[in-house]
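Per numbering that gives the first Met the number 0, residue 0 is the first one in the sequence shown, and the count goes up by one each step. Each residue gets a CB set at the ideal place from its N, CA and C atoms; glycine is no exception.
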Amino acid sequence: MVIHPFSIIEKYYVKDSPLYRVLVIHSQQVRDKALEVAKQHPELNIDTEFVGEACLLHDIGIFLCHAPRIYCFGEHEYIEHGYLGSDLLKKEGLPQHALVAERHTGTGFTKEEIRLKKLPLPDRDMLPLSLEEQLICYADKFYSKSKLNLQLSVEEIRQNLSFYGKEKVEKFDSWHQLFG
């Protein structure tokens, strides 16, 4: 099945709007980083076609969230954009792409973490499992939608993740060892 990510994005976003621009630039940065990593690691046999598509679609749910700094004026908390985007992609008939959207936030969330921190997320594990899901989650950490022209360093990413706990940094470090 041929996927046209921009056609899907344009069902939900006004083309050339500030939010569309933020989403597309960020998603292309993540895609380029992920594909660069895949090229450097042919031994991993990454499905690059899927990765390219899923990177472009991983943040499709942001318009449903409230993050005015990046032109999002929805009602949900920003942390919810992953599962909201997943719901959209399932409706589009893209269940594997939906898993990437659901599982890419931070370094993922366990059901226990969701309960303990009382996060506004469905009561289930949302952890990147496949190599492709992990790669996209890893690549996403290098870019911020609020600072589009900046690629974060590994140390900056580690510092950002440390706010959420040592295990988040350890997860990123394990990905950096695999993909870096």
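Limits of the unbroken beta strand (DSSP E) element including residue i
i, result
"L149", "K146 to Q150"
Residue i: first and last residue of the uninterrupted alpha helix (DSSP H) it sits in
i, result
"H75", "That residue, H75, is in no alpha helix (DSSP H); it is neither H nor E in DSSP."
"N44", "Element bounds for N44: n/a, residue is neither H nor E."
"E169", "K165 to F178"
"R123", "Note, R123: premise wrong, no alpha helix (DSSP H); not H, not E."
"H185", "It is not possible to answer for residue 185, since the shown part of the chain is limited to 0 through 179."
"L34", "P17 to Q39"
"I59", "Premise fails: I59 is in no alpha helix (DSSP H) and is neither H nor E."
"L115", "K110 to L115"
"P119", "Segment: none, P119 is in no alpha helix (DSSP H) and carries neither H nor E."
"P4", "P4 to Y11"
Residue environment, residue i, which counts as buried when at least 16 other CB atoms sit within 10 Å
i, result
"Q176", "exposed"
"V29", "buried"
"E166", "exposed"
"K117", "exposed"
"F162", "exposed"
"E181", "As shown, the chain starts at 0 and ends at 179. That puts residue 181 outside it, with no answer to give."
"G179", "exposed"
"P127", "buried"
Beta carbon of residue i nearer than 7 Å to that of residue j
i, j, result
"H75", "L63", "yes"
"A97", "K32", "no"
"G84", "T104", "no"
"S26", "C71", "no"
"L93", "D58", "no"
"I7", "E79", "no"
"I24", "S145", "no"
6 Å CB neighbourhood of residue i in its chain, flanking five on each side removed
i, result
"E132", "V99 and R102"
"D124", "T109 and K110"
"P4", "E52, L55 and L56"
Those residues which DSSP pairs with residue i across a bridge
i, result
"H65", "F72"
"Y142", "Q150"
"F49", "Paired residue(s): none; F49 is not in a bridge."
"G105", "G107"
Chain B within 7 Å of residue i, Cβ atoms only
i, result
"D58", "The structure shown contains no chain B; it is built from a single protein chain."
Residue i Cβ short of 6 Å to the ligand PLP heavy atom set
i, result
"P94", "Annotation note on the ligand PLP: not contained in the displayed structure, which lists no ligands."
Same chain only: Cβ atoms within 8 Å of residue i, ignoring 5 sequence neighbours per side
i, result
"R114", "D122"
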